[in-house]
Amino acid sequence: MGVITKKIKGTEDVLPKQSYRWQFVENIMREEAANFGFKEIRTPVFEHTELFARGVGQTTDVVQKEMYTFDTKGGESVTLRPEGTAGAARAILEHSLTNEGLPIKAYYLTSCYRYEKPQAGRLREFHQFGIEEYGTSSPIADAEVISLANSIFKRLQIKDLHLEINSIGCPECRAKYNEALKEYFSQYKDKLCGNCLNRLERNPMRLIDCKVPSCHEIAEGAPSILDYLCDECTEHFEQVKKYLEASKIEYKINPTIVRGLDYYTKTVFEFVSDAIGSQGTVCGGGRYDGLIEELGGQHLPSLGYAMGIERLLMVMENQGIEIPAPEPCALYIAALGEDAQFKAYELVNTIRLSGLPAEGDVVGRGLRAQMKYADKIGARFSMVLGENELNENKAKVKNMITGEQTELNLDESFAVKFASLHMAAKFDTANLDNKG
Ligand code: ATP
Ligand code: MG
4 MGVITKKIKG
14 TEDVLPKQSY
24 RWQFVENIMR
34 EEAANFGFKE
44 IRTPVFEHTE
54 LFARGVGQTT
64 DVVQKEMYTF
74 DTKGGESVTL
84 RPEGTAGAAR
94 AILEHSLTNE
104 GLPIKAYYLT
114 SCYRYEKPQA
124 GRLREFHQFG
134 IEEYGTSSPI
144 ADAEVISLAN
154 SIFKRLQIKD
164 LHLEINSIGC
174 PECRAKYNEA
184 LKEYFSQYKD
194 KLCGNCLNRL
204 ERNPMRLIDC
214 KVPSCHEIAE
224 GAPSILDYLC
234 DECTEHFEQV
244 KKYLEASKIE
254 YKINPTIVRG
264 LDYYTKTVFE
274 FVSDAIGSQG
284 TVCGGGRYDG
294 LIEELGGQHL
304 PSLGYAMGIE
314 RLLMVMENQG
324 IEIPAPEPCA
334 LYIAALGEDA
344 QFKAYELVNT
354 IRLSGLPAEG
364 DVVGRGLRAQ
374 MKYADKIGAR
384 FSMVLGENEL
394 NENKAKVKNM
404 ITGEQTELNL
414 DESFAVKFAS
424 LHMAAKFDTA
434 NLDNKG
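Heads up, this note's numbering is the position in the sequence shown plus 3, with the first residue counted as 1.
Here is the structure:
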């Protein structure tokens with residue numbers, strides 16, 4: 004029998020064998036976010052298309068080429084979220100959270116959708132952890148959110164990620180810079196890709212971000228935004244650097260970072276890895292002081308970033324960083340005969356109620372196959388129930404690593420006795436592991 008269809012190109016399944024890797028990373032993200040005072044926000048997977056057109060920016064690759072946009076049966080145009088910020092900003096405004104005290108600090112863990120060419124580290128459905136902070140123009144906030152990302156990488160023991168920062172100024176300095184860029188790129192009109200030619204007039208800063216190699220080469224000689232910053236933006240950038248230094252976070256200034264989304268102002272940054280090839284940017288973000296206004300709210304300086312979870316996991320795998328495997332089954336109870344199976348079922352439930360993972364046969368297999376299964380799932384202890392054990396109301400619990408057997412009464416004391424046996428065994432293995 005053939006499976007009727009396969010997964011959509013550019014999407015990935017996370018199978019039960021691998022999901023613990025995701026959960027480990029996600030848990031650390033949640034914990035660190037909480038440490039820094041951020042609470043989770045969950046917004047719908049789709050939004051009215053205009054939200055992204057306005058929020059992300061008409062001239063961006065994301066809006067021009069990458070969105071999954073479709074008409075609903077009711078004739079509305081909706082889009083699967085290509086990123087998390089626009090939806091979060093919309094929700095903040097819609098629920099008037101700005102009245103509840105500033106700054107508003109939120110994080111999300113979510114799937115995103117972009118119609119891109121699938122390759123290593125570039126998917127059509129991918130996942131992001133993101134940080135949103137609304138209502139602060141202080142450079143301390145810039146350093147703090149970067150510090151949060153840094154803490155996550157540290158706890159994940161990732162080594163080779165380096166932080167690159169830049170400032171792309173405010174609309175005032177940007178206007179002068181854009182003029183300089185237009186002048187510079189106009190010399191190369193015959194060599195630019197069609198997309199860049201289109202954007203040259205409307206949004207010349209996008210050209211610095213173009214991934215076409217020949218454009219990229221030209222962009223390397225382009226004027227630097229840092230030479231065009233106004234006094235306020237220069238001072239802001241200086242303060243961000245000072246606070247990063249106070250956080251003991253190393254950084255490199257990279258004037259070619261402009262970020263792919265239109266809403267950025269002032270600080271922009273990326274954490275880049277050399278370990279995973281050309282899709283090396285694991286985390287990117289910055290300030291978007293104009294976003295909330297763009298979406299119809301008041302002027303509300305804000306900032307944030309997103310990290311790609313798939314890319315993060317790739318870096319970790321590449322660096323051989325071990326992710327602790329989930330707690331295996333504590334006790335597998337094998338049973339021979341109908342009465343024993345009933346008793347095993349009761350005992351498995353008692354162990355689970357006591358808070359330890361336990362399993363018994365649910366397939367109707369013979370004893371030998373049951374034991375094979377116990378081995379396969381890596382159960383720490385096993386126990387066999389047959390007629391004798393039922394008659395005597397006792398059974399031997401076997402440590403699957405050492406082979407040691409301990410007899411336990413099958414009465415009310417069973418769960419407690421087993422729990423202390425399990426705890427002692429765990430302690431022993433931990434000690435063995437430490438001794439190498
Ligand atoms: P890139 O330059 O690699 O296309 P981007 O600037 O489009 O990235 P952002 O929109 O800033 O990326 O998204 C933040 C992070 O999300 C990226 O740094 C990356 O880790 C991840 N990401 C973005 N697009 C994809 C994708 N198609 N597949 C997997 N991860 C992605
Ligand atoms: Mg992109």
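The C-beta atom is built at its ideal place from N, Cα and C for all residues, glycine as well.
Query	Result
Bridge partners - Cys115, DSSP secondary structure assignment	Phe129
Secondary structure, alpha helix (DSSP H): runs of 4+ residues fully inside the stretch 56 to 117	88 to 97
Close Cβ partners of Tyr335 (< 6 Å) along its chain, the five nearest in sequence each way excluded	Glu362, Ala377, Ala382 and Ser385
DSSP-derived helix/strand/coil call for His302	coil
Identified DSSP bridge partners for Leu166	Tyr254 and Phe274
Cβ-heavy atom distance, Ala278 to the ligand ATP, below 7 Å	no
Proximity test, Met32 beta-carbon vs the ligand ATP heavy atom, cut-off 7 Å	no
beta-carbon Glu119 near the ligand ATP non-hydrogen atom, thresh 7 Å	yes
Closest Cα partner of Gly287 within the set Phe132, Gln373 and Ala337	Phe132
Status (buried if at least 16 other CB within 10 Å, exposed otherwise) for Asp342	exposed
beta-carbon Cys173 near the ligand ATP non-hydrogen atom, thresh 7 Å	no
Any 3 or more C-beta pairs closer than 8 Å across the stretch 139 to 147 and the stretch 89 to 96	no
Leu306: CB within 7 Å of a non-hydrogen atom of the ligand ATP	no
Close Cβ partners of Gly1 (< 6 Å) along its chain, the five nearest in sequence each way excluded	No answer is possible for residue 1: it lies beyond the span of the chain, which begins at 4 and ends at 439.
Own chain partners of Gly439 with C-beta closer than 8 Å, once the 5 adjacent residues on each side are dropped	Low per-residue confidence applies at Gly439: pLDDT is 47, beneath 50, and the placement is therefore not dependable, though the value from the model is reported in the following sentence. Same-chain partners within the cutoff: there are none.
Cut-off 7 Å between Cβ atoms - residues of its own chain near Asn412, not counting five sequence neighbours on either side	Asn396 and Lys397
Rounded distance between the beta-carbons of Gly307 and Ala123, thought under 8 Å	Ala123 to Gly307, Cβ: 26 Å. No contact.
Secondary structure of Ala427, DSSP reduced to three states	helix
Contacting residues, own chain, Cβ-Cβ under 8 Å from Leu232 (five flanking each side not counted)	Ser170, Gly172, Cys176 and Phe240
Distance between beta carbons of Glu273 and Ser154, contact taken as under 8 Å	Not quite, the Cβ-Cβ distance comes to about 17 Å (not below 8 Å), so this is no contact.
Distance cut-off 7 Å: Cys218 Cβ against heavy atoms of the ligand ATP	no
Residue range of the beta strand (DSSP E) that includes Ala333	Counting along the chain, Ala333 falls outside any beta strand (DSSP E), and DSSP gives it neither H nor E.
Gln61 Cβ short of 7 Å to the ligand ATP heavy atom set	no
Pairwise C-alpha distance: Ile31 and Lys420	33 Å
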